[in-house]
Amino acid sequence: MSEYLAAAVLLIGAFFMLVAGLGLIRLPDVYSRMHAATKATTFGMGGILSAVILFFQAAHVATHAILAIFFLFLTAPVAAHLISRAAYRKGPGLAPVTRLDEYGPYLARERSTSQTKNDINSHN
Amino acid sequence: MPLATIVFSLAAIWILMKGTGSAGDFFVGLLLAALIIRFLRKCYHQEKSFLRVGRIGRFVVSFTRELIVANIQVLRVVLSPRIRIRPGILAYRTRCRTPFGVTLLANSITLTPGTLSVDISEDSKTIFVHALDITHPDEVREGIRLGLEEPVIGAVE
Amino acid sequence: MIQAAVQIGLGMLGLSLALCFIRLVKGPTTADRVVAADTLATNILGVIALFAIQSGEELFIIAVLALAILSFVGTVVYAKFLERENIIE
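Protein chains in written order, with our numbering: chain X, 746 to 869; chain A, 8 to 164; chain Y, 1381 to 1469.
Pasting the structure below:
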């Protein structure tokens, strides 16, 4: 019984990993690709590692798998945040379909204030 | 949580990871846990009570629901024959005040439907959110407020 | 039963790896390549986990845990590099 459950969870997980790959190819810009890459891979790894827990049914394997799931859920958003932030600062590169951008004006403002700060510092 | 609870739960995780539990193993676990606590002393705050467990549970339930919805949405977007998205970046004023609350909220935003946190402003009051469908920005904001921010504030602030 | 599922899962992950690799080679910007490399790493974690089920060898799960940590550090370094163009300050 639990073997069937493990197989089902495993297939769902692997399928979402495939969805992440497809999204990486099909979506138009780096930010929307990151949507697919972050959400679908964490969910997919959650599925695969749950299948591992169901398959082995041993406490120490389950501990390792749960720690791995926890770690992936913790780090995937941080990685996405760092990459998207760096990508925007390097050059927005938003897809032409983008409707709204409230980050650009903020970044311009922040840059101009840090510029004046640097000027003051260099004068002192 | 009191320090002793953290040390003992870390030691318990150590035992679970080893698979075999003898008294010596538990002692080694305690030693390692104490060492970890020693190095992470600065990050540690005294927690007030255990009453939060229920609200943390509510956050976990809410987060899991949003996670599943998010993945079905990604599935729909990616597998549709023509990609039809209206993405954009919007500014979201958060009401979370503690650094941990803001971090947890930003991380949860990334893993839930159609939204991805790009950056946090210098004063950590505004989160910039990239959304896949931004036809109605206020609906996106409302979704974040009800689905995530309320549970996060309830759980950790 | 589960072995058949593992085979199908490995096929899906292989396809996903190929797609990530296409994005890694094509990627118009460096950020695209970093995202592709990150997804590639997570896919490899999935492959290792499936190997663990296929061979019944529990030690592979520890490898998954360790590689997850390492790949996160790698992605952080890439992001820093992207932002500043130099890592050592």
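Each residue gets a CB set at the ideal place from its N, CA and C atoms; glycine is no exception. As the structure is a computational prediction, the values presented were derived from the model and not from experiment.
key: Residue range of the unbroken alpha helix (DSSP H) whose run includes G758 (chain X)   = Here the alpha helix (DSSP H) through G758 (chain X) covers 747-771.
task = Could you check if E73 (chain A) is buried or exposed, using at least 16 other CB atoms within 10 Å of its CB as the buried criterion?
result = With a threshold of 16 other beta carbon atoms within 10 Å, E73 (chain A) meets it and is buried.
query = When Cβ atoms are compared, which residues of the region 115-129 of chain A fall closer than 9 angstroms to chain X?
reply = So the close ones are S115, I116, T117, L118, T119, P120, G121, T122, L123, S124, V125, D126, I127, S128, E129.
In DSSP terms, what R93 (chain A) is bridged to = Looking at the DSSP assignment, R93 (chain A) forms a beta bridge with A:D140.
inquiry  = Short of 8 angstroms Cβ to Cβ, which residues in the region 789-810 of chain X face chain Y?
reply    = Of all residues in the region 789-810 of chain X, G789, M790, I793, L794, A796, V797, F800, F801, A803, H805, V806, H809, A810 have a Cβ within less than 8 angstroms of some Cβ in chain Y.
Backbone CA spacing between N869 (chain X) and M24 (chain A) [nearest angstrom] = Unreliable positioning characterises N869 (chain X) in this predicted model, as indicated by a pLDDT of 46, which lies under 50. The coordinate reading is nonetheless provided below. Computed Cα separation, rounded: 57 angstroms.
request  = Check distances from the C-beta atoms of the region 1442-1462 of chain Y to those of chain X and list, in chain order, the residues that come in under 7 angstroms.
outcome  = Listed by position along the chain: I1442, V1444, L1445, A1448, I1449, F1452, T1455, V1456, A1459, L1462.
task = Provide the residue(s) that pair with Y99 (chain A) in DSSP beta bridges, ordered along the chain.
result = Checking the DSSP bridge columns, you'll see Y99 (chain A) partnered with A:I134.
ask   = Between V842 (chain X) and R83 (chain A), is the Cβ-Cβ spacing less than 8 angstroms?
value = Result no, Cβ atoms of V842 (chain X) and R83 (chain A) do not sit closer than 8 angstroms.
message = Between S1396 (chain Y) and chain X, is any beta-carbon pair separated by less than 8 angstroms?
response = The Cβ of S1396 (chain Y) sits closer than 8 angstroms to at least one Cβ of chain X.
ask   = Quick one, which residues of the region 57-81 of chain A are near chain X if we go by CB-CB under 9 angstroms, in chain order?
value = Near chain X, meaning a CB-to-CB distance below 9 angstroms, the residues of the region 57-81 of chain A are L74, I75, A77, N78, Q80, V81.
ask   = For L845 (chain X), which three-state DSSP category applies?
value = Under the three-state reduction of DSSP output, L845 (chain X) falls in the strand class.
task = Answer with buried or exposed for S69 (chain A), where buried requires no fewer than 16 other C-beta atoms within 10 angstroms of its C-beta.
result = S69 (chain A) is buried by the Cβ-count criterion.
query = Thinking just about the alpha-carbon of each residue, which of A:I96, A:A30, A:A19, A:K132 is nearest to the one in S124 (chain A)?
reply = In this structure, A:I96 is the residue among A:I96, A:A30, A:A19, A:K132 with its C-alpha nearest to the C-alpha of S124 (chain A).
ask   = Per DSSP, D126 (chain A) forms a beta bridge with which residues?
value = Its beta-bridge partners are A:F135.
inquiry  = Is V1405 (chain Y) close to chain X? Criterion is C-beta to C-beta, closer than 8 angstroms.
reply    = Look at V1405 (chain Y): its C-beta is not under 8 angstroms from any C-beta on chain X.
inquiry  = Would you say K835 (chain X) lies against chain Y (beta-carbon separation less than 8 angstroms)?
reply    = At a cut-off of 8 angstroms, the C-beta of K835 (chain X) has a neighbouring C-beta in chain Y.
ask   = Alpha carbon to alpha carbon, what distance is there between I814 (chain X) and S747 (chain X)?
value = Using only the alpha carbons, I get a separation of about 20 angstroms.
inquiry  = Considering Cα atoms alone, identify which of A:D32, A:V159, A:F66, A:V136 is closest to L845 (chain X).
reply    = Of A:D32, A:V159, A:F66, A:V136, the residue nearest in Cα terms is A:V136.
message = V85 (chain A) and R771 (chain X) - do their beta-carbons sit closer together than 8 angstroms?
response = Their beta carbons are under 8 angstroms apart, which means R771 (chain X) touches V85 (chain A) by this criterion.
key: Residues that A1385 (chain Y) contacts on chain X, provided the C-beta gap is smaller than 7 angstroms   = From the beta-carbon of A1385 (chain Y), the residues of chain X found nearer than 7 angstroms are A752, L755, L756.
query = Quick one: what's got a C-beta closer than 6 angstroms to G789 (chain X)'s C-beta in the same chain, skipping five residues either side?
reply = Closer than 6 angstroms at the Cβ level, and outside the excluded window around G789 (chain X), lie G758, F761, M762.
inquiry  = Quick check on DSSP: helix, strand or coil for S87 (chain A)?
reply    = If DSSP states are grouped into helix, strand and coil, S87 (chain A) belongs with coil.
ask   = By Cβ distance below 7 angstroms, which residues in the same chain neighbour G1407 (chain Y) in space, the five residues on each side in sequence not counted?
value = Here G1407 (chain Y) has R1413, A1416 as same chain residues with Cβ atoms under 7 angstroms from its own Cβ, once five neighbours each way along the sequence are excluded.
message = Residues of chain Y with CB closer than 7 angstroms to the CB of A840 (chain X), please, in chain order.
response = Residues of chain Y whose Cβ lies closer than 7 angstroms to the Cβ of A840 (chain X) do not exist; the shortest such Cβ separation is about 11 angstroms.
query = Expressed to the nearest angstrom, what Euclidean distance is found between the alpha-carbon atoms of H811 (chain X) and V1405 (chain Y)?
reply = A small fix is needed here, since residue 811 (chain X) is Ile in this sequence, not His. The alpha-carbon of I811 (chain X) is positioned some 33 angstroms away from that of V1405 (chain Y).
message = Determine, for A1417 (chain Y), whether the minimum Cβ-Cβ distance to residues of chain C falls below 8 angstroms.
response = No chain C is present in this structure, whose protein chains are X, A and Y.
key: Residues of the region 81-108 of chain A with Cβ closer than 8 angstroms to any Cβ of chain X, in chain order   = The region 81-108 of chain A vs chain X, Cβ under 8 angstroms: V81, L82, V84, V85, L86, I90, I92, R93, P94, G95, I96, L97, A98.
ask   = Helix or strand or just coil, what does DSSP make of S29 (chain A)?
value = Assigned with DSSP and collapsed to three states, S29 (chain A) falls in coil, not helix or strand.
request  = Would you please verify whether the beta carbon of E1438 (chain Y) is less than 8 angstroms from any beta carbon of chain X?
outcome  = Taking Cβ atoms only, chain X reaches closer than 8 angstroms to E1438 (chain Y), which makes this a yes.
ask   = Roughly how many angstroms lie between the CA atoms of N114 (chain A) and L153 (chain A), to the nearest whole one?
value = Between the C-alpha atoms of N114 (chain A) and L153 (chain A) there is a straight-line separation of about 16 angstroms.
request  = Measure the CB-CB distance between L1447 (chain Y) and L1425 (chain Y) and report whether it falls below 8 angstroms.
outcome  = Cβ distance < 8 angstroms, so L1447 (chain Y) and L1425 (chain Y) count as in contact.
query = Can you give the Cα-Cα distance for A1429 (chain Y) and V1444 (chain Y), rounded to whole angstroms?
reply = Using only the alpha carbons, I get a separation of about 7 angstroms.
request  = Grab me the residues of T119 (chain A)'s own chain with a C-beta within less than 6 angstroms of its C-beta, minus the 5 sequence neighbours each way, in chain order.
outcome  = The residues are E73, A77.
inquiry  = I'd like the span of the alpha helix (DSSP H) that includes D1412 (chain Y), first residue to last.
reply    = Where D1412 (chain Y) is concerned, the enclosing alpha helix (DSSP H) stretches over 1410-1435.
ask   = Would you say R1403 (chain Y) and L839 (chain X) are within 8 angstroms of each other, going by their C-beta atoms?
value = No, the Cβ-Cβ distance between R1403 (chain Y) and L839 (chain X) is not below 8 angstroms.
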